[in-house]
Amino acid sequence: LSSSLKLDKDVFTFPIEWIPSNPRWKNYAEIWTTIPLAQFLKNTAKLTIIVTLLQLLTSSFAAYAFAKLQFKGRDILFLGYVATIAMPWQVYMVPQFILMRSFGLNNTHLAIIFLQAFSAFGVFLMKQFYMSVPDELCEAARIDGMSEYRIWARIMLPLSKPALSTLTIFTFVNTWNDFLGPLLYLTRMELKTIQIGLRMFISQYSSEYGLIMAASVVALIPVVIVFLALQKFFVQGVATAGLKG
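Numbers in the numbering used here are just positions in the sequence shown, counted from 1, shifted up by 952.
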């Protein structure tokens, strides 16, 4: 933040001037004209919001089934799904790219959305929380005639705000900061995200450190806002994941 308000020659001065005596607010005006930063932010916000909502939906759905429903092979299926957390994306990146290309999804936002709409970590986190909810609560709801969907929507979701908030933060940050996925699948300028835009910016203006820092601050603002808005649930949600296993 301090460097974003300095001239290039002042960024590496010693001793460090933490609060610039003459803040250069012009840096924040210039970054919008050097690259299509607004379009990159719009694309990133679109992808991040959609992916976050889908992960909340799919993770909570699957977690409810694993935690509160009885079906054959449930535990084995859950262990197999969660085990994918230990597998780096680079292991299956190439076949995944070939699959997306065969579907004609390269150079579309749908490729990023489909790849990130499901999360083994999200299912694990939500399942741990749902296991802390007494089974008697669900049984009483079934006796009253509620369907499994209504139990999930009317009982489980309202009780799971801490876990949902934690998952929202993790998903939002990971999607917003994703670099490799958009780099592989999005080559058209109008589809690129803010992380690709920052890399372009650094390539073009590698010696203009004030502008680079200003662009980085702009890219960081949404992440900070989301964290501050949900931080009161964050610690509680993380602690919940370790209650049962």
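All residues carry an ideal CB built from backbone N, CA and C; glycine is no exception.
Judged by their CB atoms, residue 1055 and residue 1136 are not nearer to each other than the 9 Å cut-off. The alpha helix (DSSP H) runs lying completely inside the region 984–1060 and spanning 4 residues or more are 989–1020, 1026–1035 and 1041–1054, given in chain order.
Residue state for residue 1140 is assigned as coil, using DSSP reduced to three classes.
Taking the CA atoms as reference points, residue 1063 sits about 43 Å from residue 1095. Rounded to the nearest whole angstrom, the C-alpha separation of residue 1012 and residue 1109 is 8 Å.
Spatial neighbours of residue 1014 in its own chain (CB-CB distance under 7 Å, excluding positions within 5 residues in sequence) are listed in chain order as 1075.
The residue among 1166, 1117 and 1070 with its C-alpha nearest the C-alpha of residue 977 is 1166.
Out of 1053, 1060 and 1123, the CA that lies nearest to the CA of residue 1178 is found in 1123. Taken in chain order, the complete alpha helix (DSSP H) segments of 4 residues or longer contained in the region 1060–1114 are 1061–1068, 1072–1083, 1087–1095 and 1100–1103. Residue 1153: member of the alpha helix (DSSP H) spanning 1146–1156, first to last residue. When rounded, the separation of the alpha-carbon atoms in residue 1040 and residue 974 is 46 Å. Under the three-state reduction of DSSP, residue 982 is assigned to helix. When C-beta atoms of the region 999–1013 are compared with those of the region 1117–1131, three or more pairs fall below 8 Å, so the two segments count as touching. Around the beta carbon of residue 1139, a 10 Å sphere encloses fewer than 16 other beta carbons of the protein chains shown; the residue is thus reported as exposed. Distance between residue 1099 and residue 1016, taken at the CA atoms: about 13 Å.
In the displayed model, residue 977 falls within coil according to three-state DSSP, outside both helix and strand. For residue 1173 and residue 1036, the gap between their C-alpha atoms comes out near 31 Å.
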